[in-house]
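Visitor: Got a structure for you, written out below as structure tokens; questions coming shortly.
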Amino acid sequence: MLKMYTTTWCPDCRRAKRFLSERGVAFAEVNIEQVDGAAEWVAAHNEGKYKVPTLDCGDGHVFACSPFDPTVLRRELNLAADPVTR
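Residue numbers for the sequence shown follow the numbering used here, beginning at 18 and rising by one.
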């Protein structure tokens, strides 16, 4: 299952959570300020930086989406583009 490493104060985390929820993408949230070892895990996967949100796809693919960019999320998670509305 997809895991998203977040903090409570991070606006990019809120945007990423909303983006995934609106598209029905299931994920588990891991707050790096509350879960022992989570901050260290994030830093270890981001060249020593505490980048949030960081997403772990569960298959060895880990990426940060900071700053939030819906194009990056779509590409990294192989999501279809949003339909064009007129």
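Note that CB positions come from ideal geometry on N, CA and C, so glycine has one too.
For a quick check, are the C-beta atoms of residue 18 and residue 36 less than 8 Å apart?
Guide: Here residue 18 corresponds to residue number 1 of the sequence shown, with the count starting at 1. Here residue 36 corresponds to residue number 19 of the sequence shown, with the count starting at 1. No, these two residues do not count as a Cβ contact at 8 Å.
Visitor: To the nearest angstrom, report how far apart residue 95 and residue 50 are at their CA atoms.
Guide: Counting from one through the sequence shown, the residue named residue 95 turns up at place 78. Counting from one through the sequence shown, the residue named residue 50 turns up at place 33. Those two C-alpha atoms are separated by around 29 Å.
Visitor: Can you give me the start and stop residues for the beta strand (DSSP E) that residue 64 sits inside?
Guide: Locating residue 64 in the sequence shown gives position 47, counting from the first residue. Looking at the DSSP string, residue 64 is not in any beta strand (DSSP E), and its letter there is neither H nor E.
Visitor: Give the DSSP bridge partners of residue 48, in chain order.
Guide: Mapped onto the sequence shown, residue 48 falls at position 31. Note: residue 48 sits in a beta bridge opposite 23.
Visitor: How many Å lie between residue 78 and residue 28 at the Cα?
Guide: On the sequence shown, position 61 is the one that residue 78 refers to. On the sequence shown, position 11 is the one that residue 28 refers to. Computed Cα separation, rounded: 23 Å.
Visitor: What are the partner residues of residue 81, as DSSP defines its beta bridges?
Guide: Taking the sequence shown and counting its residues from 1, one reaches residue 81 at position 64. Looking at the DSSP assignment, residue 81 forms a beta bridge with 71.
Visitor: Any idea if residue 71 is buried or exposed, counting beta-carbon neighbours within 10 angstroms, 16 or more meaning buried?
Guide: For the purposes of this step, residue 71 is identified with residue 54 of the sequence shown, where counting begins at 1. Buried, since its Cβ has 16 or more Cβ neighbours within 10 Å.
Visitor: Give the range of the alpha helix (DSSP H) segment to which residue 29 is assigned.
Guide: Start at 1 with the first residue of the sequence shown, and residue 29 comes out as number 12. For residue 29, the enclosing alpha helix (DSSP H) stretches over residues 28 to 39.
Visitor: Among residues of its own chain, excluding the 5 on either side of residue 60, which ones have a beta-carbon nearer than 7 Å to its beta-carbon?
Guide: For the purposes of this step, residue 60 is taken as the residue at position 43 of the sequence shown. For residue 60, where only same-chain residues beyond five positions count, the Cβ hits under 7 Å are 66, 67.
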